[in-house]
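First comes the structure, then the notes that go with it.
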Amino acid sequence: MAVSVGVLALLALVGCGTKQGHGAGSGSGSDDSGSVRTDLPVTDVYWKVDSMTVGGRRTAAPDGAHVMITPEGKAHGNYGCNHFSATARMNGDTITVTPGAWTTKGCQKDIDQFEKAMSRTFSGRLTAAVADRTLTLTTAEGDAIAFTSEPAAALAGTTWTVTTLVSGSVASSLPAGAEKKAWLTFGKDGSVQGSSGCNHLRGTATVSGSTIAFGRINGTKMMCPDPQMEVERPLLAILQGKTTYRIDHRTLTLTAANGEGFSATASAPGK
Numbered sequence: 002m003a004v005s006v007g008v009l010a011l012l013a014l015v016g017c018g019t020k021q022g023h024g025a026g027s028g029s030g031s032d033d034s035g036s037v038r039t040d041l042p043v044t045d046v047y048w049k050v051d052s053m054t055v056g057g058r059r060t061a062a063p064d065g066a067h068v069m070i071t072p073e074g075k076a077h078g079n080y081g082c083n084h085f086s087a088t089a090r091m092n093g094d095t096i097t098v099t100p101g102a103w104t105t106k107g108c109q110k111d112i113d114q115f116e117k118a119m120s121r122t123f124s125g126r127l128t129a130a131v132a133d134r135t136l137t138l139t140t141a142e143g144d145a146i147a148f149t150s151e152p153a154a155a156l157a158g159t160t161w162t163v164t165t166l167v168s169g170s171v172a173s174s175l176p177a178g179a180e181k182k183a184w185l186t187f188g189k190d191g192s193v194q195g196s197s198g199c200n201h202l203r204g205t206a207t208v209s210g211s212t213i214a215f216g217r218i219n220g221t222k223m224m225c226p227d228p229q230m231e232v233e234r235p236l237l238a239i240l241q242g243k244t245t246y247r248i249d250h251r252t253l254t255l256t257a258a259n260g261e262g263f264s265a266t267a268s269a270p271g272k
């Protein structure tokens with residue numbers, strides 16, 4: 002399924018394809034200045050969502066689910082499929098979250114259920130506990146979201162797993178059966194290798210500023226099930242000639258001159 006996005010950058014959370022979040026009061030954790038009090042070291046950190054426990058039931062988070070909070074009291078992230086924005090005010094060990102808008106891309110059923118539960122849980126007054134590289138946010142009812150901090154990813158040396166295909170202003174999740182199969186790794190020596198989701202790829206890629214110029218990409222010639230071939234064809238078309246790229250912490254967006262592109266998520270460190 003596809004969703005219209007306001008701008009090509011997939012992290013944009015304005016324009017069409019957004020809806021308002023669940024309302025939540027500002028609570029006593031907010032202040033008149035609208036700024037975040039950094040009593041806890043939670044701002045400017047990429048918090049990967051590990052799991053969520055609601056009603057005593059723990060559910061592992063989908064790949065790519067994360068939250069980032071700025072010192073100015075803004076939060077943005079991904080519920081597991083769709084991006085969102087919010088405000089997040091801190092007071093001592095309390096964070097009060099007021100959801101804003103989020104994209105409306107169609108997602109798999111289990112991911113959609115996780116997203117709905119997380120949008121409800123990451124809202125209102127939450128108690129924060131930070132230990133080492135972990136963060137836990139707990140509601141008054143005892144539901145909780147567990148996070149682990151992750152460093153920003155570099156273009157070279159990172160395994161980038163393709164998560165979304167883009168055509169002009171439309172972003173589409175990968176078809177069922179093709180998830181987590183297409184990936185790329187850029188070498189510091191100008192090489193690129195990976196998988197189209199079906200065939201292994203190898204070639205050259207010259208990085209200059211915000212552009213990547215791909216040389217000849219060679220690959221194996223296997224035929225695969227339809228979902229994987231539906232990803233391979235547009236992906237190979239994108240990996241031709243000059244493209245522009247952008248990295249938002251652990252998300253890579255790559256766009257060809259004709260507006261075709263994809264986004265990919267960095268694998269967790271050590272994986």
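With this note's numbering as the guide, the letters of the sequence shown map in order to residues 2 to 272. C-beta: ideal position from N, C-alpha, C; glycine also.
Buried or exposed by the 16-neighbour rule on C-beta atoms within 10 Å, applied to residue i
{"i": "His-201", "result": "exposed"}
{"i": "Thr-212", "result": "exposed"}
{"i": "Lys-49", "result": "buried"}
{"i": "Ser-209", "result": "exposed"}
{"i": "Arg-90", "result": "buried"}
{"i": "Asp-64", "result": "buried"}
{"i": "Gln-114", "result": "exposed"}
{"i": "Thr-1", "result": "Absent from the structure is residue 1, since the part of the chain shown begins at 2 and ends at 272."}
{"i": "Glu-180", "result": "buried"}
{"i": "Ile-135", "result": "At residue 135 the sequence reads Thr, which differs from the Ile that was named. When all chains shown are included, Thr-135 counts as exposed."}
{"i": "Gly-158", "result": "exposed"}
{"i": "Thr-71", "result": "exposed"}
{"i": "Gly-169", "result": "exposed"}
Integer-rounded CB distance, given that residue j should sit under 8 Å from residue i
{"i": "Glu-116", "j": "Gly-81", "result": "5 Å"}
{"i": "Val-163", "j": "Pro-42", "result": "Going by Cβ atoms, the distance from Val-163 to Pro-42 rounds to 33 Å, so no, they are not a contact pair."}
{"i": "Gly-260", "j": "Ser-174", "result": "That belief does not hold up - the Cβ atoms of Gly-260 and Ser-174 are roughly 18 Å apart, past 8 Å."}
{"i": "Thr-149", "j": "Thr-139", "result": "About 16 Å separates the two Cβ atoms, so there is no contact after all."}
{"i": "Ser-197", "j": "Val-232", "result": "7 Å"}
Per-residue DSSP class, three states only, for residue i
{"i": "Leu-240", "result": "coil"}
{"i": "Ala-118", "result": "helix"}
{"i": "Pro-226", "result": "coil"}
{"i": "Arg-126", "result": "strand"}
{"i": "Pro-100", "result": "strand"}
{"i": "Arg-90", "result": "strand"}
{"i": "Val-232", "result": "helix"}
{"i": "Lys-110", "result": "helix"}
{"i": "Arg-134", "result": "coil"}
Residues bridged to residue i (per DSSP)
{"i": "Asn-79", "result": "His-67, His-84"}
{"i": "His-250", "result": "His-250 pairs with nothing; no bridge assigned."}
{"i": "Ser-174", "result": "Thr-165"}
{"i": "Leu-1", "result": "Absent from the structure is residue 1, since the part of the chain shown begins at 2 and ends at 272."}
{"i": "Arg-58", "result": "Val-55"}
Beta-carbon proximity check, residue i vs residue j, cutoff 7 Å
{"i": "Thr-207", "j": "Gly-220", "result": "no"}
{"i": "Ala-154", "j": "Ala-62", "result": "no"}
{"i": "Thr-122", "j": "Asp-144", "result": "yes"}
{"i": "Leu-253", "j": "Gly-262", "result": "no"}
{"i": "Leu-240", "j": "Ala-183", "result": "no"}
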